[in-house]
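Residue numbering for the sequence shown follows the working numbering, beginning at 3 and increasing consecutively. Since the structure comes first, as structure tokens, the remarks are kept for the end.
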Amino acid sequence: MPSESLRWETLQALKNSPKANITYDPYWSERGEDILAGCKEALSLSSHSGVILERLSSSPLQKSCFLASGSGDCSPGLSEEILGSISSTGSVPDINGKHSTLSAALPLRTVSEQAFSEEAKDDDPEADVSEISSASLPAISLLSPKAMETAGRIIKFEEEQREKAKLALKLRQEMQEKLVAAVASSESEQLKRFEEFMELKQRQEYQTMRDMMDRETKESIGRQEKLKEEQRHRMKILNLRLREAEQQRLREAELERQRQAEGRERLRNLNTIQEEILQLNQLLDPSTQTKSDLPLASLNSLSTRGNQLCSQVSEVVRKTAEGEFPTVDDMTAAERALHEMRALIRLMQEEVAKAQEKKKKKEQEQQEEHRKQVELQAQQEAQKKAAQTAKEKAQKKGLQNSAEDSMLKWYKELQETAARCSQSFEQLNSPKDAQTKKLKLELQKAATIPVSQISSNCGSQLREIFDKIDKLLSGRAVVSGGKSVSTSQHPQGLDFVSYKLAEKFVKQGEEEVASHHEAAFPIAVVASGIWELHPRVGEFILAHLHKKCPYAVPHYPPMKEGTPVEDYQRILGYRVDDSGVEGQDSFLKRMSGMIRFYAAVIQLRWPYGSKQGAAPHGLNHGWRWLAQMLNMEPLADITATLLFDFLEVCGNALMKQYQGQFWKLILLLKDEYFQRIEAVTSTGQMGSVIRLKQFLETSLQSRQISPPKGQLSSNFWRL
């Protein structure tokens, strides 16, 4: 069809029409307008339709259509289509009624001019819309059916497109609303996440700031604590130094006080010694011995020596005249002078006794010569002299200056036995044989170390020590210092071990018991058990004890002529070295320890032995020692000390054993012998005398002597 060939021109006309240039206003909804408000215009043909009509007018079909309307030459189909399109649009009313008017239409030029006028009106934007719409109806009426069909189709297409646009717009609007809602929701969630993130970040920053402040606070507190700790440490050190300085000052003050007290005590003793020496020296003065029968030369020599001793003591006293206290060496020299002065007095007394004896013999000879002349008178004088002699002997009975012959014989035999034993193991002292020297050292350790381990512990440990010593003395091997040793390794091994073991027991009494009196019993019970199984060791114990403490015999060794003073003091039991003779306090302390050890030995027996026979050295020896002590002249300070120590340790056992006889002996000691002790004791030596006196008075008053402290009970031996 010719109309299809004009399709592209129609589309171009539509494109250039105002309908195709509709502008979209996004704010139509806000103003309450319709989305196609700008498209509501009166139906009219554009200026381009005139060109189409001109082209159509050139064809005979078009001409016939417009001119021959009454004859029916025109195609009824086309007019019907145009009419139908016009009627379908409803824009031109009563088209069927006005068909005659269309038949008498204006010529083509008129239509063309009208079309151009419409185009001019379309170009004029200020033309009245109402006029255009009113003029369009008759203009459409003048169009051909083909044009009307095209216009109707355009209108119908526009309506369809408008509906589609409305539907698409509605869908797009819904989509946009959903999108806006989704975007708003997403934005809200993002905003919420952003706020949460910002809040989290703010909390983190706050927490970081707080942690930093806490850390700084802790560091500041730590620094303060550290400074406080350093300050406390410095204060502590300062307090310690101050306390140490104060303690040092107190120690120095205490030492000074002790030094002053000891110095004053030494000064008092020195004055006492000087007083006694001066008194004794007066006895040596020849002017006081005019009635004695001593030769004048002997008295002069004794007096000269006495004056020398007085000068020595005066020299010591002269050193203290300036306010200084005498030293220990000064006291030793003064005591040595006192002992020598006493020895001079005893020597003078012995010479006086000899002179008196000679005088008596002379008198007896003279009496014998005159006996015949005055027989009756001689007999009477003889009777008087006999009575006087008997009285003197009765007074002097039991007051000898030395021990009995049997005691001295026993004492010498023990010393000779110990000396022979000491000579028998001289080969062990050979420095040439290193192996023998090493064996000697190991044997000595095996013998002495167990004795050093004896203490006031339970009986099981004492039993182990006893078994070890017994095993060694029996010739079996023992472990000492990680090495096995036996007395059978050398012919003189047993003698050496027995000798050294006895020496160690006595040394423990001299040192350990002297410091701790309770230690006498565990040491003594082991020594007694070893003595019972090995009597040779017991003999050596007595020999060492008598050598270090002759008062344990008891025996007062006399000073032989030509014996140096130092050697004689060693015989008496004093320790003498390069610095001189030990002090009297130290000497008495050692003697006391050994007497206590001896008193414990004679009353104890090893509890695990057979106990079938008599004790190796029982209480009968203690009774003999006590009786012999009371038969000898007392020594100042020594006799009172040893009697007290012996009775305190062994008095309870002797009381139970001898009962009434023991109390008679104690009464004799209290009433008669104690006066002799007081007579030979100086003022500065009364401590031991007072202790002995109190002990005797308490014992006699209660007729009881308490068991000694530290005595081993039955509970001691429980394992």
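Ideal Cβ placement from N, Cα and C applies to all residues, glycine included. Note that the structure is a prediction, hence the values are computed from the model and not measured.
Asked                                                                                                                           : Found
For residue 531 and residue 489, the rounded distance between their alpha carbons                                               : 20 angstroms
Straight-line Cα distance separating residue 228 from residue 215                                                               : 19 angstroms
Close-in-space but distant-in-sequence residues of the same chain around residue 623 (CB under 6 angstroms, 5 per side omitted) : 604
Cβ neighbours of residue 404 in the same chain (closer than 8 angstroms, five flanking residues each side left out)             : 410, 557, 558, 560 and 634
Residue 315 and residue 279 closer than 8 angstroms at C-beta                                                                   : yes
Residues that residue 238 bridges to, as DSSP identifies them                                                                   : Its beta-bridge partners do not exist; DSSP assigns none.
Beta-carbon spacing of residue 429, residue 491 below 8 angstroms                                                               : no
Residue from 638, 659, 322 and 663 with nearest C-alpha to residue 687                                                          : 638
Option nearest residue 554 by Cα separation, candidates 644, 167, 683 and 355                                                   : 644
Distance between beta carbons of residue 330 and residue 585, contact taken as under 8 angstroms                                : 6 angstroms
Euclidean distance between Cα positions of residue 307 and residue 332                                                          : 19 angstroms
Cβ-Cβ separation, residue 416 to residue 449 (assumed contact under 8 angstroms), whole Å                                       : In fact, because the Cβ distance is near 20 angstroms, the residues do not count as touching under 8 angstroms.
Among 348, 156, 625 and 513, nearest to residue 666 - alpha-carbon criterion                                                    : 625
Cutoff 8 angstroms; reference residue 486; Cβ partners in own chain excluding five residues on either side                      : 479 and 480
Under 8 angstroms between C-beta atoms of residue 747 and residue 712                                                           : Outside the modelled stretch of the chain, which goes from 3 to 721, sits residue 747, for which no answer is possible.
Cutoff 7 angstroms; reference residue 526; Cβ partners in own chain excluding five residues on either side                      : 599, 602, 603 and 606
Beta-carbon proximity of residue 500 to residue 546, cut-off 8 angstroms                                                        : no
Residue 659 to residue 708 span [Cα, whole Å]                                                                                   : 14 angstroms
Inter-residue spacing [alpha-carbon to alpha-carbon] between residue 503 and residue 364                                        : 58 angstroms
Endpoints, beta strand (DSSP E) assigned at residue 482                                                                         : 480–482
Residue span of the beta strand (DSSP E) that contains residue 487, given as start and end                                      : 485–487
Residue 579 - partner residues in DSSP beta bridges                                                                             : 582
Own chain residues within Cβ distance below 6 angstroms of residue 570, not counting five before or after                       : 561
Identity of the residue in 653, 649 and 640 nearest residue 680 by Cα                                                           : 640
Residue 619 burial status per 10 Å Cβ neighbour count (16 or more: buried)                                                      : buried
Beta carbon of residue 698 nearer than 8 angstroms to that of residue 672                                                       : yes
Sequence-distant residues of its chain with Cβ nearer than 6 angstroms to residue 727 (five each side left out)                 : Absent from the model: residue 727. The displayed extent of the chain is 3 to 721, so no value can be given.
Coil, strand or helix - residue 561 by DSSP                                                                                     : coil
Among 706, 700, 685 and 691, the one whose alpha carbon lies nearest that of residue 277                                        : 685
First and last residue of the uninterrupted alpha helix (DSSP H) at residue 627                                                 : 621–632
Pair within 8 angstroms by beta-carbon distance, residue 498 and residue 442                                                    : yes
Residue 524 and residue 456 closer than 8 angstroms at C-beta                                                                   : yes
Separation of residue 196 from residue 184, as counted between CA atoms                                                         : 17 angstroms
Collapsed DSSP secondary structure at residue 504 in the structure displayed                                                    : helix
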